[in-house]
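To keep things clear, I will list the structure first and then write my remarks on it.
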Amino acid sequence: MTTPRLAIARADYAPIDLYAPDRRPCRIDLSDNTNLWGPPPAAAARLRGAGADAFTRYPDLYARRLKAAIAARFDVAPDMVVTGCGSDDVLDSAIRAFARPGGVVVTADPSFAMIPLFARMNGLASVSVPLDDAYAFDPRAYLDAGPGIAYLCAPNNPTGTPLPRAVIDAVVDGFDGLVIIDEAYADFAGTNALDLARSRDNVLVARTMSKAYGLAALRIGFGIGSPALVAEVEKSRGPYKVSAVAEDAAVAALTEDAGWVDEHVALAIENRERLIETLDARGFEPVPSRSNFVLVPLRGAVAIAGAMRAGGVAVRPFADLPTSIARFGASGGEGIRISVGPWTLLEEAIDLLTRSRDAHHAV
Ligand SMILES: *Cc1c(COP(=O)(O)O)cnc(C)c1O
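Reminder that position 99 of the sequence shown reads as 392 in the working numbering, one-by-one numbering, no gaps.
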């Protein structure tokens, strides 16, 4: 049953649906790219030891301690850092801060599913430029789409692929509006575009502590950009958006758990490569990845993911990947995305995936 809409509701909100991936609990959850090795230890200790003030008092208005820790970690000034309730909050606030009526957010297809929603919520349209067989796009086509705000995701979700630096540079060189570079998975990529956040006053690099840092439940994200850019995003995001316990745990994760994070990023990369090799050997055609997940083009993906969930392993199915990419054309636009975690979990996922595929295709 759908709820009837109020007459006073915004007309441009009518097409917005709640974000609703299948989040029912599952024994092994490889569907959301969070850290499956558990929480970083110093951060977890802070949460367990939280005092009364962490509950009853408001947190710091603009999370100054967290900004200082991020600034030290990335070698930027604290006034180049904006924090938020997850990087989703930073992305939404940045779009809102620079939204002009009738404007367009340009993104790639496929890319992060929240961006068209954030665009619409802020009164903007979104336009996407399809990725090509190299998981890149022609920067001229991208700029011709007429961005008011440019969104780039590197590495890209859900493909896991890097965006060539030449493409990023061409977009940044050809456009003087807000450029958001979403680096949710940069920890796993070995490259980043932080130099552009330092050198250009219109580039915001967005990061999250939900993936490599293992703190998704605490909702901590941040952006790095010029002080003038960051100041505008802070205005639109507003005060008190990082809770006191989240700030405390995040500071501990950045200052005391760096070794733990590095170690688990290295493990994720090792297991990612092993996952890809094993899937190759089983006759799948996984997309090479620079993130902590692997996209596998696969006909019947939605049904196969359903069978896997019934067997205790959740993966994320996609049904509308652009068939302009040859690999997705061959799979009818379907695919599944598998988060990388401890090898015992991946082994079980691979076995179940293989059996589910064989059963599905035997029908
Ligand atoms: C997971 C993800 C985020 C959101 O992270 P939160 O900090 O948990 O809000 C942002 N961008 C991309 C591409 C992601 O995959």
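Backbone N, C-alpha and C define an ideal beta-carbon position, used for all residues, glycine too.
Should residue i be listed as close to ligand 1, given that the test is whether its C-beta is under 7 Å from any heavy atom?
i	result
Lys-280	Look at the range of the chain in this structure, 294 to 656, and you will see that residue 280 is not part of it.
Thr-400	no
Ala-509	yes
Cys-319	no
Ser-419	no
Asn-450	yes
Ile-326	It is worth fixing the name first, because residue 326 is Asn in this sequence and not Ile. Flag set: Cβ of Asn-326 near ligand 1.
Asp-475	yes
Gly-628	no
Thr-454	no
Phe-405	yes
Ser-380	yes
Gly-516	no
Thr-376	no
Thr-501	yes
Taking 7 Å as the cut-off, is the beta-carbon of residue i closer than that to any non-hydrogen atom of ligand 3?
i	result
Glu-556	Looking for ligand 3 in the displayed structure turns up nothing; the ligands present are ligand 1.
Can you tell which of the options has the C-alpha that lies nearest to the C-alpha of residue i?
i	options	result
Gly-628	Pro-332, Glu-641, Phe-586, Arg-433	Phe-586
Asn-564	Arg-602, Leu-639, Ile-597	Leu-639
Ala-561	Gly-576, Leu-489, Ser-582, Cys-378	Ser-582
Glu-476	Ala-447, Ala-542, Met-502, Gly-483	Ala-447
Ala-537	Val-526, Tyr-506, Thr-376	Thr-376
Val-533	Asp-382, Pro-610, Thr-647, Ser-404	The identity of residue 533 in the sequence shown is Tyr, whereas the question assumes Val. Among Asp-382, Pro-610, Thr-647, Ser-404, the Cα nearest to that of Tyr-533 is on Asp-382.
Gly-576	Ala-619, Asp-644, Ile-618, Ala-509	Asp-644
Asp-353	Arg-458, Ala-539, Asp-310	Ala-539
Gly-470	Asp-402, Leu-487, Arg-393, His-654	Arg-393
Thr-327	Leu-511, Ala-596, Ser-617, Ala-655	Leu-511
Asn-415	Ser-649, Pro-314, Arg-357, Asp-305	Asp-305
Pro-635	Ala-574, Gly-626, Glu-566	Glu-566
Using 8 Å for Cβ pairs, my map puts residue i next to residue j. What's the rounded Cβ distance?
i	j	result
Ala-642	Ile-321	7 Å
Ala-434	Val-422	5 Å
Leu-591	Ser-624	5 Å
Arg-500	Ser-380	6 Å
Ser-429	Val-460	The question names Ser, yet the displayed sequence has Ala at residue 429. Contact flag correct, Cβ pair sits at about 5 Å.
Ile-388	Val-374	Incorrect: roughly 18 Å between the Cβ atoms, too far for contact.
Val-580	Leu-588	5 Å
Pro-513	Met-502	At residue 513 the sequence reads Ile, which differs from the Pro that was named. About 4 Å separates the two Cβ atoms, so the contact holds.
Arg-653	Ala-600	Sequence check: residue 653 is His here, not Arg. Contact holds; Cβ gap of about 7 Å.
Arg-630	Arg-609	4 Å
Touch test, the stretch 485 to 504 against the stretch 457 to 465, Cβ-Cβ under 8 Å, three pairs minimum: Touching, yes, given that three or more Cβ pairs across the two stretches are closer than 8 Å.
At least three beta-carbon pairs within less than 8 Å, the stretch 391 to 400 to the stretch 434 to 450: Yes: at least three Cβ pairs fall under 8 Å.
Any 3 or more C-beta pairs closer than 8 Å across the stretch 506 to 517 and the stretch 298 to 312: Result no; under three Cβ-Cβ pairs closer than 8 Å.
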